[in-house]
Amino acid sequence: MKDSDDVQRLIRLKRYETPGEEYFQQFAENFKERQRAEMLQQSSRALLAERFSLWFEEMGSAKWLVPTGAAAAVGAGLFFAIPRANENEVPTSAIVETSTDKATMPSFPESTDENIQLKIPKAMPPAIDGNVLPASARGPLREL
Amino acid sequence: MQLTETSLSAMPKTDSPKSGDQCGSTGDISGEDLRKKGGNAKANPMSERRKMRKVDPDLELVQRAREGDTAAFDELVVKYTPKLYGLVYHMTSNHEDTNDTLQDVFAKAYRALKRFKGKSAFYTWIYSIATNMTLNFLKKRNRRRAYSLDDVDLAIERDEDFIEATSKSDPVREANISELQERLNMAMQQLSDDHRAVVTMFDIQGMPHAEIAKIIGVSEGTVRSRLFYAHRQLQTYLDDFRK
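Chains as they are written, first to last, in this note's numbering: chain Z, 1198 to 1341; chain W, 83 to 325.
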């Protein structure tokens, strides 16, 4: 117990650590200024809110246009922002047209045991310089 | 007798209440007194106790402050700054941090004033706010932050405890004021935040166990346990000064 008493007596000496009376007076002044600044800030926000609510009330029946217009603007924004479902499909212009005639279409052997030989259709689009053009090609390339 | 933590919880409460404590020195009516008066002690013990309970001395200022009287709150600030400064400073050992934290404490107290129900004394309430905010600040603060210590009042040289601590001629024990101050702060900072809080309130500020328990929201037994453990730790850190 004596050891504990000794320690307590030493720790009690810390109460002599003090910043002095001047500090406490200055602290109170600083706090007053801070409080005034906060109250001014709050009052400016409150003033802004009050002015907005007054303006809103003075609009009369037209005041309902504001939320309606805002909702419409949000809806339009969402409409253009969200990608549509068919945007991921391959454009039709990129599809190469081929003959749909079954007689000319290459066919696969019924049995997979046989060697697969591709049958090249007789009707082939004219090759230009060895290049085959797609049917949807337009413009100067088509005229070549 | 070797004190253990279990026996501490069962120790009788011998502390005398001090300022800020609502019950006690001004006279609670016990059940026995009510029976002597012929009244039914069980019928209205609470109402009798309420009548005899000491009125919060800050009640009027608090009421005015709640109604928007900033001058009333300024009076409360002037009244409690020294005590609250001591609490925060001895927990942080840093003057600048104490200044900033204390400003935040009073700002928060002002904003929360309307929620103060008066179930406890204003002093207890604002002390709780200060303790909690300081503990939260310490959790976020870098532990390696340097000390920024206040000057020591020269009145310490007349203090009996100081004289006894520095009177021995042993070179290890000879310590000037600044060295002693540094050693004490280092020892306090070795404690955990919760232990340092109870040591600050009990040993440095002289608050009774009951009041400390109300402020930090634990039982008196817990306060005594924490103090016991903290004192044991401090004995190790301050071993040079006790030989």
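Glycine is no exception: its CB is placed at the ideal position from the N, C-alpha and C atoms. Predicted, not measured: the structure shown is a model, and the values here were computed from it.
#### Entry: Rounded straight-line distance, which links the Cα of E149 (chain W) to that of D243 (chain W)
When only Cα atoms are considered, D243 (chain W) and E149 (chain W) end up about 47 angstroms apart.
#### Entry: L1404 (chain Z) vs A247 (chain W) beta-carbon contact at 8 angstroms
The structure shown does not extend to residue 1404 (chain Z), since chain Z spans only 1198 to 1341, so no value can be given for it.
### Query
What are the residues that DSSP puts in a beta bridge with N176 (chain W)?
The partner list for N176 (chain W) (beta bridge, DSSP) reads W:S230.
### Query
What in chain Z is Cβ-close to I238 (chain W), meaning under 7 angstroms?
Chain Z residues near I238 (chain W): L1210 and Y1213.
#### Entry: chain W contact residues for R1281 (chain Z), given Cβ-Cβ distances below 7 angstroms
The premise fails here: R1281 (chain Z) is roughly 49 angstroms from chain W at the closest Cβ pair, so nothing lies under 7 angstroms.
### Reference M289 (chain W), options W:N224, W:L273, W:Y205 and W:E264, closest by Cα
Proximity to M289 (chain W) across W:N224, W:L273, W:Y205 and W:E264 peaks at W:Y205, based on C-alpha coordinates.
### Message
Using only CA atoms, which one of W:K165, W:D140 and W:H277 lies nearest to T180 (chain W)?
### Response
Of the listed residues, the one whose Cα sits closest to T180 (chain W) is W:K165.
### Message
When you compare the CB positions of A269 (chain W) and Y229 (chain W), do they come within less than 8 angstroms of one another, or not?
### Response
No, they are not a contact pair.
### Interface residues of chain W facing V1204 (chain Z) [CB-CB closer than 8 angstroms]
What V1204 (chain Z) touches in chain W: H313, L316, Q317, L320 and R324.
#### Entry: Delimiting residues of the alpha helix (DSSP H) encompassing V305 (chain W)
Secondary structure note for V305 (chain W): its alpha helix (DSSP H) is the uninterrupted segment E302 to Y319.
### Task
Check E1254 (chain Z) in the structure and name its three-state DSSP category.
Under the three-state reduction of DSSP output, E1254 (chain Z) falls in the helix class.
### Query
Considering only residues of the stretch 186-222 of chain W, which uninterrupted alpha helix (DSSP H) runs meet the minimum length of 4 residues and lie entirely inside it, listed in chain order?
The stretch 186-222 of chain W contains these whole alpha helix (DSSP H) runs: 204-222.
### Task
Note down the Cα distance separating N1227 (chain Z) from P1280 (chain Z), rounded to an integer number of angstroms.
One C-alpha to the other measures close to 56 angstroms.
### Query
Buried or exposed: which applies to S175 (chain W), given that a residue is buried once 16 or more other Cβ atoms fall within 10 Å of its Cβ?
Counting of Cβ neighbours within 10 angstroms places S175 (chain W) among the buried residues, the total reaching 16 or more.
### Task
Measure the CB-CB distance between V280 (chain W) and A312 (chain W) and report whether it falls below 8 angstroms.
A contact, by the Cβ cut-off of 8 angstroms.
### Message
Here's a check: name, in chain order, each residue in its chain whose Cβ is nearer than 6 angstroms to the Cβ of F1249 (chain Z), leaving out the five neighbours to either side.
### Response
Nothing meets the Cβ criterion.
### C-beta neighbour in chain W for S1240 (chain Z), strict 8 angstroms
Chain W, which has no Cβ nearer than 8 angstroms to the Cβ of S1240 (chain Z), makes this no.
### Task
Below 8 angstroms on the Cβ atoms is my guess for E1214 (chain Z) versus V234 (chain W); work out the distance and round it to an integer in Å.
Between V234 (chain W) and E1214 (chain Z) the Cβ distance is about 6 angstroms, and since that is below 8 angstroms, they are a contact.
### Query
Among W:V159, W:M173 and W:A189, which one has its Cα closest to the Cα of F284 (chain W)?
Minimum Cα-Cα distance from F284 (chain W) among the listed residues W:V159, W:M173 and W:A189 corresponds to W:M173.
### Query
Can you list, in chain order, the residues of its chain whose CB lies under 8 angstroms from that of Y171 (chain W), leaving out five sequence neighbours each side?
Taken in chain order, the residues that qualify are H177, T180 and D232.
### Task
With a threshold of 7 angstroms, establish whether the CB of A154 (chain W) neighbours any heavy atom of the ligand SAH.
The model depicted lacks the ligand SAH and carries no ligand whatsoever.
### Query
How would you call E293 (chain W), buried or exposed, if buried means at least 16 neighbouring beta carbons within 10 angstroms?
By the 10 Å Cβ count, E293 (chain W) comes out buried.
### Message
Beta carbons nearer than 9 angstroms to chain W: which residues of the stretch 1221-1241 of chain Z have them?
### Response
From the stretch 1221-1241 of chain Z, only F1221, Q1222, F1224, A1225, N1227, F1228, K1229, R1231, Q1232, R1233, E1235 and M1236 have a Cβ closer than 9 angstroms to chain W.
### Residue range of the unbroken alpha helix (DSSP H) whose run includes D276 (chain W)
Counting along the chain, the unbroken alpha helix (DSSP H) around D276 (chain W) starts and ends at D275 to V281.
### Query
Three-state secondary structure (DSSP) at G149 (chain W)?
Correcting the residue type first, residue 149 (chain W) is Glu in the shown sequence and not Gly. In the three-state scheme derived from DSSP, where H, G and I count as helix and E and B as strand, E149 (chain W) is classed as coil.
#### Entry: Expected contact under 8 angstroms - CB spacing of Q287 (chain W) and L169 (chain W) to nearest Å
Yes, Q287 (chain W) and L169 (chain W) are in contact; Cβ-Cβ is about 7 angstroms, under 8 angstroms.
### Query
Just the Cα atoms here: how many angstroms apart are D241 (chain W) and S1241 (chain Z)?
C-alpha separation (whole angstroms): 53 angstroms.
### Task
Using a Cβ cut-off of 8 angstroms, pull out every chain Z residue sitting near D241 (chain W), in sequence order please.
Around D241 (chain W), the beta-carbon contacts reaching into chain Z at under 8 angstroms are L1210 and Y1213.
### Query
How far does the alpha helix (DSSP H) with Q248 (chain W) in it reach, from first residue to last?
Contrary to the premise, residue 248 (chain W) reads as Thr rather than Gln in this sequence. Counting along the chain, the alpha helix (DSSP H) containing T248 (chain W) begins and ends at E242 to T248.
#### Entry: M289 (chain W) - containing alpha helix (DSSP H), residue span
In the DSSP annotation of this structure, M289 (chain W) is not part of any alpha helix (DSSP H), being labelled neither H nor E.
### Task
For L231 (chain W), return the contacting residues in chain Z, with the cut-off set at a CB-CB distance below 9 angstroms.
Contacts between L231 (chain W) and chain Z, judged by CB atoms closer than 9 angstroms, involve E1214 in chain order.
### Message
Considering Cα atoms alone, identify which of W:T163, W:G200 and W:D275 is closest to D138 (chain W).
### Response
Of W:T163, W:G200 and W:D275, the residue nearest in Cα terms is W:G200.
### Task
Using a Cβ-Cβ cut-off of less than 9 angstroms, list which residues of the stretch 283-304 of chain W approach chain Z; keep chain order.
Near chain Z, meaning a CB-to-CB distance below 9 angstroms, the residues of the stretch 283-304 of chain W are F284, D285, I286, Q287 and G288.
### Task
Counting only the same chain and skipping the five closest in sequence on each side, list residues whose C-beta sits under 6 angstroms from that of R308 (chain W).
Contacts found: H277 and V280.
### Message
Against chain Z, which members of the stretch 182-206 of chain W pass a CB distance test of less than 8 angstroms?
### Response
For the stretch 182-206 of chain W, residues whose beta-carbon sits nearer than 8 angstroms to a beta-carbon of chain Z comprise L184, Q185, F188, A189 and Y192.
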